[in-house]
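Enquirer: Below is the structure I would like to discuss, written out as structure tokens.
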Amino acid sequence: MTQPIKIANCSGFYGDRLSALREQLEGGEVDVVTGDYLAELTMLILGMDTLRDADLGYARTFLKQLDDTLGLALDKGVKIVSNAGGLNPAALAKKIDELGTGAKVAYVEGDDLRPADLFEGALTANAYLGAFGIASALSNGADVVVTGRVTDASVVVGPAIAHHGWAPTDYDALAGAVVAGHVIECGTQATGGNFSGFTDLFRAGAPMTKPLGFPIAEIAADGSSVITKHDGTGGAVTVDTVTAQLLYEIQSTRYLNPDVTTRLDSIRLRQQGPDRVEISGVTGAAPAEQLKVAVNTLGGYRNQVEFVLTGLDIDAKADWLRSQLDPQLTAQSVTWTQTPARTGDADTEEGASVILRCIGKDPEAGPLGKPFTGPAVELALASYPGFTMTTPPQKPSPFGIYRPEYVDRAAVEHTVVHHDGTREVIADPTEFADPAELDPDLGKRPSPYPAPADTITRRMPLGTFVHARSGDKGGNANLGLWVKNDGSERYEARVQWLAKIVKDRKIRELVPEAKDLDIDVYVLPNLGAVNVVIHGLLGDGVAASTRFDPQAKGLGEWVRSRIVHIQEDLV
């Protein structure tokens, strides 16, 4: 049996810490360093890059990282795998060759469906590919593998396949690697970043003031893994930090990847030691027949102006300003939002102020230039007392609209261009999931939920013993809630209470803007968690949304702060 492979992460998004690749290479022994640079918004950004220069379309920061560290990686025998190729992996591979290190560079393509013209008006259209192309590139001697739009976990699963020799039907092992990949794909979100229990980590003495260490997955031959980080780095790896990332941007209890259907309700977590969390028990099934496609279209242009309203008569000031501006604005869509007024005798000017925001959107840039900002500026001496704008007038900027689509695998040619220039088409799976395995109702919270009725309750924040992690999937918001693993003897009872209280009606109460939206609630008792999907909360996605928090990153923290009735014997 092969030894575990140590796969590190050095990037969770396009713009992450540049020094992370060097940190992973110098901080300890690893076999592979991976990086995730692509998000739905990133594909739009790269698409805009290609409009300016067809030779672009890749994550240029990754090239800068390699210029600094590729020689070191070669000296240490560490492979590098990244999806930084974006829309142009061939161009990125060529740029890496030009660094002159002698590294053997392979790339994976075939995800870009724009030439097939399947989606009208698509700026980008990329199928999510699996991991077997990456595995083949590594098995054929590549030192560096860059890809286009593979799934985030695939950059981790591919090296594990190559190392352990898994077959396409080794579903449990593949599913275990997908889970490990999902945990480390977003970098320091697995080691204490963006973690609702960060104060617990401070109290426990974790080195939270140091730069947080990027995660490492030690993946065994059976697909089980240990999540860890280099000694001496900041942050912590605990059952709760790992759970936070597991619940990030998932949907149902089935996590669909091109190579395997992963059963999230089979995951078992255990604190193996300091900064070491074991993931075991993961099972998988055959993958779905179709592939998901991320489609971005140009939605038009947007601009915004912000006004500061201070002191008394806040609502009257806002009403007057809107009555002055609205008749002059010609943009197709104008949306106004206002932060809540603060009550009481504020002892700072900022504490006595609110922000009134006006957002305009239009298919053309013209109505959002001078015709949009000019009328606002002209009111500087002719509107409410204390008139203040937060910035000078801005130029309109284009925005995109994201939507998911699905295609038959026959429409996609998953191709590896090996380091010697030979091309290999990766065969499609021959087995596919039973429809019952893909039932979207699997794991949904039953109603009524089988739990005893509350007795004496106290009004307290939901976050009293509940953690949260939230994010976006296109226009939908994902909200993961789980009971903290603090060693309490009340843990099982708290988990049951959480699953009982979190139903669609309660979510509409806690998040009033979701009152008319479809809501799904899934129960993951193995993680002490529920996962909530709020459909349409983010409109047409992050780039087009006019919501205060367009990616729902703060949604979980808001919900944790809401007051609920908690059974007294659970506190």
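Residues in the sequence shown are numbered from 198 upward in steps of one, following the numbering used here.
Glycine is no exception: its CB is placed at the ideal position from the N, C-alpha and C atoms.
1. Roughly how many angstroms lie between the CA atoms of valine 380 and aspartate 516, to the nearest whole one?
2. Take asparagine 454 and list the residues in its own chain whose beta-carbon comes closer than 6 Å to its own, dropping the five residues that flank it on each side.
3. Give the DSSP-derived three-state secondary structure of phenylalanine 329 in the structure shown.
4. Taking Cβ to Cβ, would you say proline 593 is nearer than 7 Å to glycine 566?
5. Pull up the DSSP beta-bridge partners for leucine 506, would you.
6. Taking the alpha-carbon positions, what's the valine 692 to glycine 373 distance?
7. Cutting at 7 Å between CB atoms, please list the residues of its own chain near glycine 672, excluding the five before and the five after it.
8. Sort out for me which residues DSSP pairs methionine 586 with in a bridge.
9. How would you label valine 227, buried or exposed, when you count the other beta carbons within 10 angstroms and need 16 or more for buried?
10. How many Å lie between threonine 532 and proline 568 at the Cα?
11. State yes or no: is the C-beta of serine 463 within less than 7 Å of the C-beta of threonine 480?
12. Mind pulling the alpha helix (DSSP H) runs of 4 or more residues that sit fully within the stretch 285-335?
13. With arginine 214 as the anchor, note down where its alpha helix (DSSP H) starts and where it stops.
14. Kindly list the residues whose CB is nearer than 6 Å to the CB of lysine 351, restricted to its own chain and excluding five residues on each side of it in sequence; keep chain order.
15. Taking the alpha-carbon of threonine 459 as reference, which of Arg655, Val614, Leu443 has the nearest alpha-carbon?
16. For methionine 166, name the three-state secondary structure that DSSP assigns.
17. If you check the beta carbons only, do glycine 389 and threonine 438 fall under 7 Å apart?
18. How is the alpha helix (DSSP H) around threonine 440 delimited, first residue to last?
19. What residues are listed by DSSP as bridge partners for proline 557?
20. Using alpha carbons as the reference points, say which of Leu248, Thr534, Tyr304, Tyr603 lies closest to glutamine 501.
21. Which of helix, strand or coil does DSSP assign to lysine 203?
22. Figure out for me which residue from Phe596, Gly548, Ser580 has the closest Cα to the Cα of isoleucine 556.
23. Give the secondary structure of methionine 240 by DSSP, where H, G and I count as helix, E and B as strand, and everything else as coil.
24. Starting from lysine 670, trace the beta strand (DSSP E) both ways and give me its first and last residue.
25. With 16 other CB atoms within 10 Å as the buried threshold, where does valine 768 fall?
26. Tell me, please, whether the stretch 650-659 touches the stretch 750-765 by the rule of three or more beta-carbon pairs shorter than 8 Å.
27. Within this structure, are the beta carbons of valine 275 and valine 343 separated by less than 7 Å?
28. When you measure from the CB of threonine 430 to every non-hydrogen atom of the ligand GTP, does any distance come out below 6 Å?
Expert: Looking at the coordinates:
1. 47 Å
2. Thr348, Val375
3. Assigned with DSSP and collapsed to three states, phenylalanine 329 falls in helix.
4. yes
5. Val551
6. 24 Å
7. Gly733, Leu735, Gly736, Asp737, Gly738
8. Phe504
9. By the neighbour-count rule (16 or more Cβ atoms within 10 Å), valine 227 is buried.
10. 16 Å
11. Against a cut-off of 7 Å, the Cβ pair of threonine 480 and serine 463 comes out as a contact.
12. 286-294
13. Unbroken run through arginine 214: none, as it is neither H nor E.
14. Just to set this straight, residue 351 is serine in the shown sequence, not lysine. Here the set comprises Gly327, Ala328.
15. In this structure, Leu443 is the residue among Arg655, Val614, Leu443 with its C-alpha nearest to the C-alpha of threonine 459.
16. In the structure displayed, the chain extends from 198 to 768; residue 166 sits before or after that span and is not available.
17. In this structure, threonine 438 lies closer than 7 Å to glycine 389 by Cβ.
18. 436-443
19. Just to set this straight, residue 557 is glycine in the shown sequence, not proline. Asn500, Val531.
20. Thr534
21. Looking at lysine 203 - three-state DSSP - the assignment turns out to be strand.
22. Phe596
23. For methionine 240, the secondary structure class from DSSP, reduced to helix, strand or coil, is helix.
24. 663-670
25. exposed
26. yes
27. In this structure, valine 343 does not lie closer than 7 Å to valine 275 by Cβ.
28. For the ligand GTP, the structure offers nothing, since it holds no ligand at all.
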